[in-house]
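Heads up: the structure comes next, in structure tokens.
Chains as they are written, first to last, in this note's numbering: chain S, 1 to 86; chain U, 1001 to 1612.
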């Protein structure tokens, strides 16, 4: 496999992992909304809390994490952008 | 004081701007104490902020193509995040979201999840690749990746349809706020709103819109957060409301049980003469409805809003303006951070304002009080006069029950400062914030449509030899025409804010989502496949909308997919057709495949030249 292909394999892997986490916080949690709501967090019913803050905060952290990981992958294969590439 | 380049001084410039705005708020507060009338304060707030935006718009004027279309590709990560957040958060987010949660509780909060989670798709699937491509517009990517004017044109059609449905709602919102704050008729307010919007974008295109959007974000977030913190602290409900309203949410549950959640019969509501668009609370605040169907309704709405987010051109084009691919990725993260500041606050605002009205132990509570007394309250009176609030004594006992109090969703944000007894300066601030939110989104949308028409249709298809001066002239003329068309439709009052906003997401996902991501992630995707996908996706989605929308054919929704969720049908059809047709047609030529390989690598030159 060429360098480019390996880079793309890793990039794809990261994309799938990112979307799996996204799927959990965006969908799986809310499939079980009514049972989750019996638990509580910070005094809020859990499903309500996930809607109001939990999942949203998870998405923010997820994107920052993804961006850092992808930068590392780019670095590993020597695809980091230099100033004046454009 | 400002040495070096403009870009290097950004933190200083916007720091000063924020300080100046806070000083302005304090001056207004002092003026209010000195006896300035509420009306004057409202006018000053809106006029002052709009003037600042116009000045920024004028200072950012440009005669260069890449500055006009992509702000010269030098917008720093964090600032692009703020601009995207303002671009994203519309009048609907600002004015109607807390109201939606107020009435819909948990079920409405599907919008919160959908409108934030979509950014994960943007960052992992699209933004960095489109940035590497170096396109000016979204159809520019489709046209170059798949080749040919037909593909480009189809993308322009989807873009225009989705963005235009969205923009009328935004101009509508600027009109509503301008008319209320300036005391002019709505029809005139719409045109005042349009002029303000065009002042920000006409001379400088994307560059001007970027710098005004940053300014608008600062105003709107201050305007949203101050009342929430103030109210929460004033009532002793918690110093930091986001983490400390658990008891209040529980208390709402108790009150709901005490008063009873009654869904009024449509016939009763009509007989009582409740004005259209006004609602009473009939759904639990934090309760989750039982059953698989309820969960599916929640999740299907989340799907539509997320996928729609990742297909909306006015958002994607913001990531064309960053200096690098790396910056585009980070910038998505910052965008969502700035959006989350407002979105996580909306449920808190809804909780606080609901409790203020419902809790009989609070001085502000109205539910369970004698109707004659409630009618005496000043804010109740003034909102009833403009038909935004209504009382219908169904059981004739002279006491206001929960199901007898009607109001419009927008009132939750706009009236809460008054309800809570905050000084009027806060109401003026909220009006300025709402105006900023609606204007910034309208600007982004109008620019997205005008740029697609001027760059993709005029320059790429009609007259590829046009010089820069002519291209920018056409771009500006289109900006005015599209804005005027939107304002004209808004002034006819045929759109309700949220119905139209959700539709924009559905249209965009029906026609654009799969052609965009498969363009990057599937080399085998062909021109014929993309064209067939865009056409059938948009057509089937639209046909389903007509089939199911109560005001059109009004047929029962299939599997709970109603008119807010028609994008599920459109996008599925688009995916299937695009894959099948792509596999039936010969694979793309080696030049195209090489181009896709190049897009996947962050370093190196953009696919399209700096000026194209």
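Backbone N, C-alpha and C fix where the C-beta goes; we use that ideal spot for every residue, glycine too.
Output yes or no for whether 8 Å exceeds the beta carbon distance between residue i and residue j.
i	j	result
residue 1307(U)	residue 1131(U)	no
residue 1072(U)	residue 1428(U)	no
residue 1334(U)	residue 1018(U)	no
residue 18(S)	residue 1124(U)	yes
residue 1573(U)	residue 1540(U)	yes
residue 1163(U)	residue 1437(U)	no
residue 1296(U)	residue 1422(U)	no
residue 1069(U)	residue 1119(U)	no
residue 1398(U)	residue 1417(U)	no
residue 1319(U)	residue 1477(U)	no
residue 1544(U)	residue 1566(U)	yes
residue 1364(U)	residue 1419(U)	yes
residue 1210(U)	residue 1083(U)	yes
residue 1007(U)	residue 1215(U)	no
residue 1518(U)	residue 1525(U)	yes
residue 1482(U)	residue 1535(U)	no
residue 1603(U)	residue 66(S)	no
residue 1489(U)	residue 1168(U)	yes
Thinking just about the alpha-carbon of each residue, which of the options is nearest to the one in residue i?
i	options	result
residue 1479(U)	1138(U), 1188(U), 1513(U) and 1205(U)	1205(U)
residue 1358(U)	1400(U), 1294(U) and 1455(U)	1400(U)
residue 1265(U)	1120(U), 1404(U), 1084(U) and 1587(U)	1404(U)
residue 1192(U)	1237(U), 1178(U), 1521(U) and 1209(U)	1178(U)
residue 1491(U)	1340(U), 1312(U) and 1190(U)	1190(U)
residue 1630(U)	1252(U), 1461(U), 1014(U) and 1528(U)	Any property of residue 1630(U) remains undetermined from this structure, which presents chain U solely from 1001 to 1612.
residue 1299(U)	1025(U), 1561(U), 1054(U) and 1212(U)	1561(U)
residue 1451(U)	1472(U), 1415(U), 1115(U) and 1388(U)	1472(U)
residue 1430(U)	1571(U), 1520(U), 1487(U) and 1219(U)	1219(U)
residue 1292(U)	79(S), 58(S), 8(S) and 34(S)	34(S)
residue 1464(U)	1086(U), 1034(U), 1149(U) and 1085(U)	1149(U)
residue 1134(U)	1533(U), 1538(U), 1564(U) and 1328(U)	1328(U)
residue 1387(U)	1112(U), 1279(U) and 1283(U)	1279(U)
residue 1507(U)	1537(U), 1522(U) and 1182(U)	1537(U)
residue 1303(U)	74(S), 7(S) and 31(S)	31(S)
residue 1415(U)	1360(U), 1353(U) and 1459(U)	1353(U)
residue 1217(U)	1474(U), 1355(U), 1361(U) and 1337(U)	1337(U)
residue 1050(U)	1035(U), 1213(U) and 1036(U)	1213(U)
residue 1085(U)	1315(U), 1059(U) and 1466(U)	1315(U)
Per DSSP, residue i is paired with what?
i	result
residue 943(U)	Within the shown structure, residues of chain U are numbered from 1001 to 1612, placing residue 943(U) beyond reach of any answer.
residue 41(S)	44(S)
residue 1548(U)	Residue 1548(U) is not bridged to any residue.
residue 1558(U)	1561(U)
residue 1391(U)	1405(U)
residue 1078(U)	Note: residue 1078(U) sits in no beta bridge, so no partner.
residue 1313(U)	Beta-bridge pairing links residue 1313(U) to no other residue.
residue 948(U)	Because chain U spans 1001 through 1612 in this model, residue 948(U) falls outside it and cannot be assessed.
Tell me whether residue i sits in a helix, a strand or coil according to DSSP, three-state version.
i	result
residue 1522(U)	coil
residue 1184(U)	coil
residue 1501(U)	helix
residue 21(S)	helix
residue 1347(U)	helix
residue 1370(U)	strand
residue 1237(U)	coil
residue 1476(U)	helix
residue 1288(U)	coil
residue 1261(U)	coil
residue 1268(U)	helix
residue 1063(U)	coil
residue 52(S)	helix
residue 1361(U)	coil
residue 1456(U)	helix
residue 1057(U)	helix
residue 1248(U)	helix
Does the distance between the C-beta of residue i and the nearest non-hydrogen atom of the ligand ADP fall short of 7 Å?
i	result
residue 37(S)	Among the components of this structure there are no ligands whatsoever, and the ligand ADP is therefore not found.
For this session: Could you say if the segment 1104-1113 of chain U and the segment 1572-1583 of chain U meet the contact criterion of at least three C-beta pairs nearer than 8 Å?
Result: Segment contact: the segment 1104-1113 of chain U against the segment 1572-1583 of chain U, fewer than three CB-CB distances shorter than 8 Å; contact not assigned.
Exercise. Taking three-plus beta-carbon pairs below 8 Å as touching, is the segment 1442-1456 of chain U in contact with the segment 1192-1200 of chain U?
Worked result: Output reads yes: the segment 1192-1200 of chain U touches the segment 1442-1456 of chain U.
Exercise. Below 8 Å, can you find three or more Cβ-Cβ pairs linking the segment 1369-1387 of chain U to the segment 1337-1356 of chain U?
Worked result: No: fewer than three Cβ pairs fall under 8 Å.
Exercise. Per the contact definition of three or more C-beta pairs closer than 8 Å, is the segment 1009-1025 of chain U in contact with the segment 1162-1182 of chain U?
Worked result: Counting C-beta pairs closer than 8 Å gives fewer than three between the segment 1162-1182 of chain U and the segment 1009-1025 of chain U, which falls short of the contact rule.
Exercise. Any chance the segment 1596-1611 of chain U sits against the segment 1136-1147 of chain U, with 3 or more Cβ pairs inside 8 Å?
Worked result: Taking 8 Å as the limit for Cβ pairs, the verdict is that the segment 1136-1147 of chain U does touch the segment 1596-1611 of chain U.
Exercise. Should the segment 1407-1414 of chain U be regarded as contacting the segment 1024-1036 of chain U, the criterion being three or more beta carbon pairs within less than 8 Å?
Worked result: Touching, no.
Exercise. Does the segment 1092-1101 of chain U touch the segment 1231-1241 of chain U, meaning 3 or more C-beta pairs lie closer than 8 Å?
Worked result: Put simply, the segment 1231-1241 of chain U does not touch the segment 1092-1101 of chain U. Fewer than three CB pairs are less than 8 Å apart.
Exercise. So does the segment 1525-1535 of chain U actually touch the segment 1585-1594 of chain U, counting three or more Cβ pairs closer than 8 Å?
Worked result: Contact annotation: the segment 1525-1535 of chain U touches the segment 1585-1594 of chain U, with at least three C-beta pairs closer than 8 Å.
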